[in-house]
Each structure stands twice: as structure tokens, then as C-alpha cells.
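Below: the structure, in C-alpha cells.
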Amino acid sequence: MAAHLKKRVYEEFSKVVQQQQLEDFPAKRLRLTKPSKSAALHIDLCKATNSTDALQYLVQFARKPVEAESVEGVVRILLEFYYKETDSSVRLKIASLLGVLSKTHGFSPDCIVDDVINTLNNEKSHQVLAQLLDTLLVIGVQLPESQTIRVRLVEVACRHLTDTSFGVRNKCLQLMGFLGTVEKQSSKEMECLPVQDVQKIIGDHFSDQDPRVRTAAIKAMLQLHERGMKLQQNIYSQACKLLTDDYEQVRSAAVQLVWVLSQLYPESIVPIPSSNEEIRLVDDAFGKICHMVNDGSWVVRVQAAKLLGSMQQVSVHFLEQTLDKKLMSDLRRKRTAHERAKELYSSGEFSSGRKWADDAPKEKIDTGAVNLIDSGACGAFVHGLEDEMFEVRIAAVEAVCTLAQASASFAEKCLDFLVDMFNDEIEEVRLQSIHVLRQISKQITLREDQLDTVLAVLEDSSRDIREALHELLCYTNVSTKECIQLALVELLKNLSKYPTDRNSVWKCLKFLGSRHPTLVLPLVPELLSTHPFFDTPEPDMDDPAYIAVLVLVFNAAKSCPTMSALFSDHTFRHYAYLRDSLSHLVPPLRLPGRKLTCVSDLESVASSEESSQQFLQQSLERVYIIQHLEAQGTLELLDFTIRDLKRLGELQPELAGASDFSATYLHCQLLLMKGLQEKLWNISAPLYVKQNAMASAVVQQILEETYKLEFLYSGLENRQVAIIHHVRLQAKALQLVLSARTSRGVEPLLNICEKFLQDVDAFQRCFSTELPHFQESFVEKLLELMPRLVTCNPMDLVKILQTTLRQSGFLHLKLPEQIHKATATIIEPTGESDNPLRFTSGLVVALDIDATLDHVQDPQSSVKVQVVYPDGHAHTIRPKPTDFRNPGPGRHRLITQVYLSHSAWTEPCQIDVQLHLAYNSSKCQINSPKSAWNDSTEVLQATENCIEGSIPLSKPVKVYIMPKPARR
Amino acid sequence: MPFSSSTGAGQDVGRSCILVSIGGKNVMLDCGMHMGFNDDRRFPDFSYITQNGRLTEFLDCVIVSHFHLDHCGALPYMSEMVGYDGPIYMTHPTKAICPILLEDFRKITVDKKGETNFFTSQMIKDCMKKVTAVNLHQTVQVDDELEIKAYYAGHVLGAAMFQIKVGAESVVYTGDYNMTPDRHLGAAWIDKCRPDIVISESTYATTIRDSKRCRERDFLKKVHETVERGGKVLIPVFALGRAQELCILLETFWERMNLKAPIYFSTGLTEKANHYYKLFITWTNQKIRKTFVQRNMFEFKHIKPFDRSYTDNPGPMVVFATPGMLHAGQSLQIFKKWAGNDKNMVILPGYCVQGTVGYKILNGQRKLEMEGRNTLEVKMQVEYMSFSAHADAKGIMQLIRMAEPRNVLLVHGEAKKMEFLKQKIEQEFSVNCYMPANGETTTITTNPNIPVDISLSLLKRESVPGALPDPKKPRIMHGTLIMKDNSLRLVSSEQALKELGLVEHHLRFTCRVHIQDPHSEQDTLNKIYSHLKTVLKDSSIQHLPDGTLMVESILIKVSTASEDPSTKILLVSWTYQVQDLRRILLKCIIQSHLAEIS
């Protein structure tokens, strides 16, 4: 909601809407043929003897869709019946049906507006009136173009505003919110109609006696705002008054309204009541919303806390007050624990004060100066973060985060509070505050005592918390070498307590080392336990703790060349070993006495990346010289280029996506060439059974590769997708030609030909904007011949295709800026275990799976786990959406359990577990227009039918299992 | 016109007992005892209420806010020894836990100190039989007019604030409450009930407390560090209230951090009380309420009952032991054994009275003299942590803001501190604030609403829905007020006449207005007619055939003065109902006429 409102706020209001000159009001058309639908309804309604029956018929009728053509007829019958009906519940149902009907796709409801308005005049029942207004609202929303109807409907709503029933007034206000005029119209038609000042009318209902109507009025006002109407500033004071309303829904809506106004008029000046000072409106609103953080209703508190986060223009003075709560004890000022900790730290004596009464109150304060209920922003976040409901606390944490990202000084101040939240009783809050701290950690440096509190959480038994904390430590800046030591000690403790955190801890230390080389330097002798005179025993190379220390040291040494002088002999040996085995954690180092194989300083790294980029471009350009698919030496050139690109991808992880993508594309081309080789096609039909098999295998492979190209890479533009589809089209053409040669008779071909032509057509529709780039290509030629193709018989089509295929040129692939390949790694199970997982056959065993996913778009719906049993039987499991976590941009983590079961085996055996990416080939095609009547289930089924297959995403992992026969 | 008087807890902590008279009903709020005295002064002075005659005749009900002895300690004394048979109200948890505490208190006083003339176990039982338990937000009708309603107050399990209502007058009594939630209880909450008076505790009238998170973190860190060092931690507590808070705190911490060191809790009273904590899950905070389906947080996994022999066990441990000020009992015994080791630690989570061991060590005394001339050297670390569950000054203000009372009365606090808060309340909310001393009576005048029944037809007729209904603006309506049989009714005058069997009299006024007009009578009349037509658009104006004008029910006739033909005399006749219209009408005529002449 807030984001949406905000979007509106920043949108320009000077937008000019071109108003179409309305043609003559369409005359009502007479229908001679009565559609079957309405006829059936008519008969049903006539049959109904009493209102209960009629209601039943209507309810049944509502379940089925109505075609657009027959809607008007149905509406007429309903209206006719409406006037006759005395029972208000039937009229109510009819009114609601009118609304539903007018939503029918392809039906323009302007012809029934008058009828519905007429029905309003004679209606007595308040409920039916409300429903009729609702119907009008639906109709009005359906007709965004027609200004006259809108003005009329608003006028109707104004008339009914004096109704005694709250429901009617509610609907009127809602209608005005949705349809109230945004711009003052001056066209000729408008002048005869009195243009109502919708805002004023709605504003008048802020003081309605019914809280529901007050809420509706505020909501209508917000709706106006959302539609781009600029709200007037004078409703600000009214909105502020509503903040003290007795009813929570009114307060909740009023908070939003105050917020909207504060974003619209941040700089205007408002007076402070009971004094003659003035402040900026946004500050005033901020203070008021802060006040709502102490509201009696938690719904309002959540709302207020959320909105606070998006008030960026607030002055720093007010912002910092939100974290300030003046403490006192017996009327003496007291320092907060935070202040004490800071003081202790700055005085150099860090030993968590063990004196009693070190929080003894200091100076006496002036009783007159203490303001207990602060009208301002004082302590809003202090209260919000201590709230009873965790929803409020989470909202407050998020608000603090967004505000801190905008203001560095606020970030500094809120640090203590966020660190305190690490001890919250509810895990979600703890996790959220860790994430938040990570987001603002670039702007801050942790003090030692704060780091201490942060590190204490490392012992948490929840894996999520620990990993979030590792992530946080990766980005944290610390100030002293003691901090580094403290962090290392705690991380090692964490490692010994939870050995599964190994990778995460190592990664954390890698960043910690590379961020603080100068702080690590003085610690090196101690860390590596070297001694100036004595040789110390060589540590065990397999000890994860030792590896952790080495990771820290080596990463620090990367930008601190003097450090290597402190290493002992075995450290160099260990370096060589680790550089090989854990190359992602240990950077290349310039070590004395060793031949430098890798360039280490940043400049050369950058230049090497540049040169590989160049290399990539050059090799692609070299390939593009190939004009014809049959040129001599083409195959070799392609072969070499593909090999080069693959190697490049391995060497330069930044370019892996681009090079893999182009390699795969070239591979497709290569295959296509092989399939089209001259020799193959010259042999007469019955002789080439073997070649035929080869060619169809090629086709199959190309199709698979194109699906990989399309769905495995993110960052593709429409143009690349078009090229991929083009390759696929070529493959399909080849397939068609092949099947034409093998099959006898024309009959089986007809179907395939038709399908192919449909594909060509779809291609043309989807990528019409890209067609200019496809000059000289297969598809261009095909489209030229299209009129002929549609009419000719299959054999001719095959002939045309065959020649076009062979004549068509080679399309140049232009690489997009950013292209990433989706990959996944299964961390757990490791596949190394020799102990089979034993379980009783027929029962279920849960297998824990922990995997990281990179650059997978929307993994919740696409990533599946596939389990292949030794008998080749495969089983696909879809993980729950909540099993996916999102630790950073472009990265996901899947921690889930899959349930296995099998009948008894005699021996333990290995099963394959693999992650798959499910794709849906119809994704890019235009969605068929949805009818308003369609149930959502049908749509769902339709999409599920289109899923064509899945691409393996990770290497399979072997798991040793043993289902035992059940003992009886 | 409620007045309240306190027989205890006026500017004083301990012995809460407040009498409220509201709308002719007398209600006693809390019936506490003073822990500091051992003579008659420990109980409220009930003779203040009634010199002779039983309390039952004077009091309509007794309300107990929570189970602390300074709020319920004198209950058996009052009901059984002084004599009271009326209803006593308290919440379910209070009713369950209160007798345990009373029994414990009785045991110490009678069995240990050997006092006589004290209430017996049977008396406690009899007293509890008179108690009616209430639920939160349940409105209980004590009798036809008096109703009470309980609100959540935090503080301890089952603590409640009570709204007492007679007719349109109401009082809110807060008892002790806490506005910041803690690990096992939520925050106090009340709706905008706008009572005539809020009677609020004010223990921390001059304090604004730091965030509870720092305190908790410090506490946990200290315990954790000591345990990691292999030291033992002693936490002297009183059996109920804060003890459970600390237990939950440590239990969740142990769970989170996967710690293995044992935590012990001295058995007896606490075990019984913990049982009730397990039962009354709905009275705890959001976290415990939400997770109890998986696991009841009060079913401690890490906290086990303590046995005396464990004291000498090696290795780290944490022990909760009673009593809280280290003046006697198990906590003192353990303290003596552990005090010599500097690895150990004692954490005092609350206030210590002067003269107790707790007070001495908190003030830095390192050598204690024990009985029998022994001295005990204290090497263990001594820590102090405040875990109080009372609202601080900000909390009190917040509650007042939530309830929006017309008056505030402060009790249960020290006079000097209350003075400050009183001044603040008057300044911020501009309501009257009182702080009576013990035995003092405060009287507050109220403006009670008097409900009047109005007939629907009259209401509909009079409140014609205008363009904009404004609820705040008073409206004038015509009708007749009938006061009969103790009821007030507003009916239309016709109906009133019919009901009372009276004949309607009509009253007509006439007046003459002289105006200068040379035209003929008919012309003048026409002129007035057309003028009125333009001015009074809403009223019906008729020109009657007999040469008169009829505006609604006002008749206007024009005649020429006999002495001067240019002076016309307007004869105006009207009934008293249309006074207003007549005034406007005459003004119009005269103004227009004068304008014409000039």
C-alpha cells in the first residue's frame, strides 16, 4: 500500500489526459434475436413462484458465464424482473448480478447506466441501494473514457450522501473516490453539468457520526490521491484531528492520509498549536505519526511504524529524537546503558562495569523542563522496538533501516538499538534486525562493545540466524585489532560448536581479512603461533579452525605485501595446498621466492578482465565472417571457437555467463550444419537410415540446447530470445524435412506441416519488432513465401523448406550487457557418506537438502528436486516456497527436506538427487484474454499443461540408502 | 459524585486499600497489608469504615487487583475476623495463586514467629469461597446498578485493572500495572472508556526507565560469562512474579545458545505457582501464547528442582533461591557456601531492605559478620539488576492518555514523587489530579448524563436529515418532557396532551405595524406579497380571497389608518410556534419598506 501511494506521490500531476471528443451518444439498438442464455433465464424467472425460488435461479445463473453478445438481453430481463419484485433480497441479488454482468469481457456497459440510475430513484431498501451504487461503481470503472458518465455517477452519489444508512453513504463515498473528476473539464458537454468539488464533499464526511463512513471518506480521499488527483493542503488539519478518533479503522486510515499529505506538501509551514512557532509540515506529520506508535491498537501501531520508514524528508533533528528517551530516576537525569557503554569504551576501560550503581543518577533535572508525553517524535522507535506485538517490532526495525540508509548520522545512532534487537524473543525479529544491520553496515563502524554483543549471537542454535550473522560480518567494518581477534575467536568457537557452518565461517573470514589487512597484520605471529626463536610444531592441515585462520591471514596478505615475511615455511606449503583446494577462498598472492603465475594487483586484474572481454568479442566476430553454412573449414573454426569460449568461461567467472551462452549458441549452429551436410541429402531415400538417425538426434539436441539458452540464462533481451526461437524454428524445419523423407504418404505430414506453419506465425507475432534484424535469415525468406506456403501441399512445402534451410545465412548474436547462467550447487548431502540411510520399507525417510542457487529467476515456482532410483524410476518433488531464502541479490538458498520411500531392497544402493529447472515454453506467448467468469483454477491448469520439460541445474549427488523389510 | 478515600496506600507503598463511593454504592479496592509492620498497623483500619455494624451492610463489593500481599494480604482478616460476607472479585489466576501466598505468609508469621491472633488456614479457605472469579473484558453485574469490568494490567500473572460503573459514572482502578511488555507478560491495555476518575499507582512517578533490552542483555551476558568460566551463579528471588520472568529469560537463552550447565530452582512454593503459570497461558504475552501449542514455555527443559545436596556439586550451575534479600532461608545458606570463590557470582534482581545481607553486599561490604562471631569474606562478584514490573512516569502518562479520564487520583507512591507527577498530569492533560494521604477523602463532582427516552416519530420529525448532519452541534427540538414513574420521556406535545388528557389551548398574538405607503390597500398588499415571495422562498405564501396574506400560519391584513390615508396599518396575527418566522417576516417588511422610501 505505502509503496503504491508513494509511487503516486512522485508522479507528476501536470499530466495531460487527451479527452476524446465523444461521438453522439450511441442509440440503443434493438435486438431481434433473443440469445439462448437470456431466454433460459427469462423462462426460469417466470417459473419462479415465490422469491426464494427466484433467488435460487439467480444464484444458479450467476455460476455460469454469459457471452458478451447476450449480456444486454440478460440485463433487460433482469431489470424487468427487478421492477416487479417486492422481496428486497431478490432485488439485491439482481443488483449484484448487474455489476458482475457489466464486467463481462467485451461488453460495454454504457447502455445500461441509465437503467441502473433509474432503479435507484424508487428504491427504498438501504441494502439494495448500496448494492446498486456498487454496481454503478463497477460500471464507472469499466468506462474510464467516458467523462459524462462519470460526472453523472458522481452526481448520483452526491444525492444519496444524505441517506440515513451508513452502507449507502459508504458506497457513495467509495464511488466518488473511484470516479471523482481528476481534472476540471471545460469541454462543452461538461458545462451543462455542475462539476462537483468532490474533495470538499468527501472532506465534509470526515466528521460523519458513523465511524464506518468516516473510514470510507478517508479511503475515498486516498483513492483520489492514488488516481492522481492532487489533494488540497487544507484537509491536513482535518486529517490530524482524525488521528485521535475513537475507532481504530478511522485512525489507521487517517495515519495514511496524514502521510500522503506530508509527502505532497513537505515544505509548507504549519503553526504549532499553543505557541506561535511554525514548523515544516513533514516534520509536524512525522511527529504526529510517531505519536501513533504509542496507539492503543496494534494495527495502527504497525501502520504508523511502517509509514515512518518512508518519510525521508524529515529534518535530522526530528529524526534523531525518535531514538531519544530522556531517562531519569528520582528526578535526576540518568544516562542510558548505551551512553554508559560508549563512555566506558571511550575512556579506554572496557570491562563491562561491575560496580553497583554505576548507573547512579547524575545531575538533578529541572522539573518544569521534563516533558513526559512528548508531542514530538521523542522515543518513537524506542517504544516501537519494545512493543508487545512482534509485528510492530518488525515494522519498526524495517523503518529504522530505510531511514538509516538515507541518513548516516541516524545510522550511527540507531546502531545500539538494532544490536539490542539481536536478543529479541522471537526469531523472525532477530533475523530481520540482522539483515537490516547488514544493509546499513556500509555506513557504520562497529565499536568493540557492540561487536561483542553481535558476536554473542553466533552461538545461536538457529542456522538461519548464524548464517545471517556471517553474512553481516562479511560487510562489517571494525575499528581495532582487538575487534578482529574477538571476531576470530568467536567464529572459531562457532565452528567447533556447529561444524556444519564451515563454509559460511570461512567465507566470512575471507571478507574480514580482505577488509582489514592493517588490523590483521599485528596479529599474524599470534594467529600462526610462530615464535622468533623456536620452531613451533606444524599445525594439522585438515583442522577446519586452522584453515579458517589461514583464510583470514591470506586474504589480508593480498593487500599487505609485508605480511608474507612473517610466514614460516610450512605456511607457504599450506598456502600452495589451499590455493589449489579452496581457490575461491584463497586469493593469489605475490610471495617471495616463488614464480609469479598470477597477477595479483587490482589493475592487472581489471586489465585481464578487459582483455578477456576483448577476446570474447574477437572470437565471436571471427565466427561471424562465416557467411554460408557450407563454407570450407567452417566446422573446424566453430569447433575451436566453442572450445576457446568454454575455457574462457572457466578462467573468468565474470564472463562465464556470456561465454557459455555464446558457446552454446555456436554449438547449435554447428549441429545444424552437421545436420544439413551435403552428402546426407544426396543419397536416395531408402539408403540413409543411419544418417537419418543421426540427423534426428541432432535435431533433438538442438531443441534441448535452445531451451537451455532460453531459460537458463538471465538478463536476456527480446532480441536474443528471438534469435533462440529462430534456431528452434530451423531445427523444427529440419525435423519436418526428415519426417517427410521417412514417412510414406501425405496424410501424416499434414498435421506436422500445419503445426509448423503455426509456429512460424507465432514467431512473427511475438517478435514483430525484432524482424528487421533478421535480414537474409531463414525466417525472413520463409515469411516472404508465406502466402504460397499456406496453400501448397505438404510435399512442396518440404521442398521449399529444404532449399531455404540450406541457403539461409548465419545470424549474428549480439551479447547483452549482463548475462548470467543459472547454476545450483548441492551442499548437503555431500555424496561422500559410506553409511547407508536405513529405513523401513513402506515408511518415509526425510532427506535434508541444502543447496545454493545463483541467478535463478523466481526459484519458488521453477526449481524442483529430482530423485532417480536405481531402477531408473524418477521422482520429482516441488519444495515449499518457504524453503527458499534470499540471502543476497541474485542468490537463493534452498534448505528443504525431501521424503523418500521405497519397497525393500536386499542391498543398500545409491540414488541420484539433482536439482532441476522446470520451464514453460508458452511463457512468452501472449496470454489469451481472460474472461471475468473464468475460475482461477482453469487458468492454472492451462499453464501447467504448457510446461514442457526441465533442465538439470546441478550435478547429481549420490545418496546411499537402504530400505529394510519391515519386521513383524 | 464518586468520592474515594484510602485507608492505606495514600501517599505510601504497601497496604493498598481504597474505598470508593460512586452513585450511592461503596466499593473496596484491594485489601492489602503492610510488610514493614508486625503489629496492628500491618492491616488497614477497618473501623474507619464502620464503627459498629458489619462491613457487609456498608460495602457492596470488594475488588482485588492481583495476588501480591500488599494488595490481598488482609483479605482473610477482613472477611473472617472483622466479618464480611459480600462478594469479592478477582481474576482467575489471582484466585488460584492468592491462597498459596496467604498460606505461606500465615506459616511464617504463626509457625516461625509464633504469633497468635492471626487468621488460620481454614479462614483462608472460607475467605476464598466468597470470591467470584472474573474474566478479562467481562462485564459483571454486581447488582442492578453496579457493574465492573477487568482489563489486562501486565505486572504479574492475573493482574487486572478494574472499571467500576454505576449509571453514567465510572471509576478505573489500575492496581499495579506495567506498560512495557516483558518476557512472559504483555503490556497493560485499556480502551478509551473516559471514566470520571482514574485511580493510578505511582510507584515510579519520577523515573523514566531505560530499554529493557539492555538490562536483559547485561543479565544474560553476566550469567553466561560466569558459567563459561565454570563459576556458579546465585540469584536470590521471591517466589512469584519476577522469578518466573527470569526463569523464562534464562530458559530461552539456554535453548537458543545450546548451553548445558544446569539451572536449579528451589522447590516448594514456586513449583505450585509454576503449575498455575502453565495453566493460565492466555494471560501471558504474545510469544508464549503463540508457541504453547508446540511447547508450553513454563514446562522448563533446562530448569530442574533444586536439592540441598547439589550445593557442593562441582562445575558451573545457576540457582534461583528464595528469599530475595538474602536475609534468611535457602538463599542465605547457598550464599554462605559460595561466597568464598571469586569465580562465583550473585545477582540481586530487586530492591534490598536496609539491614539485610543483600543490602550490605550491594553497598560494597566485603566482610560480613555472621551469627556466632564468624566473619564471612565475600569474594564472589555481586551484581545488581533491576527487573521491576511497574509503569514508569511515561507509562503512567500513556495509560492516562489511553483512558482519557476527567480526573486522576494518584496512590501507591511517595508523596514527593507524586507531587511531580501530579503537576505534569495537570499540565499535559489539563485534568484535575489528586493525591490524598492515608485516611483522607477526596470528593469529585461529576456531570452525570441523564438519559431521556424519546419517541421515534418525534426524533425523525425533528432531526430532518439536513445536507450535512453534524453530531457535534446541539439541536433545538420542540417536545414535551414527561417525568413519570421514575422515567423521563420526551414526546410530541400532541401525544403529551393525549396522554395527560388535557385540552389544547391555542395562543395567538397580534400586533400592528404602521408603515408609510401612499398606495391603495390592495397595492400595498400585493407589494408585500411579491416581496415576501422573493425573500422567503421556503415558506408557503398564500393570497387569500378575503384580502389577507397567509405566510405559513401568520395572517397579515392591511388597512388604512383613518386619520392619515398614507399610513397603512399592518395587522399581523400569529401563533407562538412561529415566533421566529414572524420576527424574520416583520424585519423583511420593514426593511424593504424603508429601503423603498429612502
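Protein sequences, first through last, are from chains A and B.
Using our numbering, read the first sequence as starting at 1 and increasing by one per residue.
Using our numbering, read the second sequence as starting at 969 and increasing by one per residue.
For glycine and all other residues, C-beta sits at the position ideal for the given N, C-alpha and C.
Measuring alpha carbon to alpha carbon, tell me which residue in the options is nearest residue i.
i, options, result
"A:F884", "A:L853, A:V154, A:V302", "A:L853"
"B:M1091", "B:N1494, B:I1132, B:E1048", "B:E1048"
"A:D452", "A:L469, A:S462, A:L521, A:D464", "A:L469"
"B:L1554", "B:I1522, B:T1535, B:P1442, B:T1528", "B:I1522"
"B:W1251", "B:I1176, B:H1152, B:D1275", "B:H1152"
"B:Q1484", "B:Q1559, B:T1516, B:Y1544, B:F1221", "B:Q1559"
"B:T1171", "B:S1507, B:A1383, B:S1423", "B:A1383"
"A:L319", "A:A411, A:C668, A:G657", "A:A411"
"B:T1411", "B:C1556, B:A1307, B:D1079, B:I1167", "B:I1167"
"A:M421", "A:E482, A:A395, A:I117", "A:A395"
"B:G1154", "B:N1146, B:H1482, B:K1160", "B:N1146"
Is it true that the CB of residue j sits closer than 9 Å to the CB of residue i?
i, j, result
"A:V898", "A:L847", "yes"
"B:G1236", "B:T1290", "yes"
"B:V1139", "B:I1165", "yes"
"B:M1129", "B:T1142", "yes"
"B:L1208", "B:A1241", "yes"
"A:S108", "A:L78", "no"
"A:A548", "B:H1192", "no"
"B:P1044", "B:C1095", "yes"
"A:L550", "A:Y575", "yes"
"A:C753", "A:P787", "no"
"A:R251", "A:V213", "no"
"A:V727", "A:C766", "no"
Kindly list the residues whose CB is nearer than 6 Å to the CB of residue i, restricted to its own chain and excluding five residues on each side of it in sequence; keep chain order.
i, result
"A:S315", "D283"
"A:V844", "Y899, S901"
"A:A380", "C290, V293, T322"
"A:L224", "G177, G180"
"B:V1350", "V1314, I1329"
Please go through the same chain and pick out, in chain order, the residues whose beta-carbon is closer than 8 Å to the beta-carbon of residue i, but skip the five residues on each side of it.
i, result
"A:D935", "Confidence at A:D935 is low in this model, with a pLDDT of 38, below 50, so its placement is unreliable and no value can be given for it."
"A:S612", "L648, L651, Q652, L655"
Give me the Cα-Cα distance between residue i and residue j, rounded to the nearest whole angstrom.
i, j, result
"A:L231", "A:V75", "38 Å"
"A:D110", "A:V721", "42 Å"
"B:V1102", "B:H1123", "18 Å"
"B:Q1366", "B:F1397", "11 Å"
"A:I819", "A:D850", "26 Å"
"A:D416", "B:D1178", "13 Å"
"A:L261", "A:D245", "18 Å"
"A:L815", "A:P587", "30 Å"
"A:V154", "A:L133", "10 Å"
Can you list, in chain order, the residues of its chain with a C-beta nearer than 7 Å to that of residue i? Leave out the 5 residues immediately preceding and following it.
i, result
"A:D87", "S51"
"B:P1163", "Q1131, S1138, V1139, V1140, A1371, P1373"
"B:L1294", "P1204, L1300, F1303, T1324, V1325, G1326"
"B:V1346", "A1307, I1329, R1334, L1336"
Do the segment 512-531 of chain A and the segment 483-498 of chain A touch if we need at least three Cβ pairs shorter than 8 Å? yes
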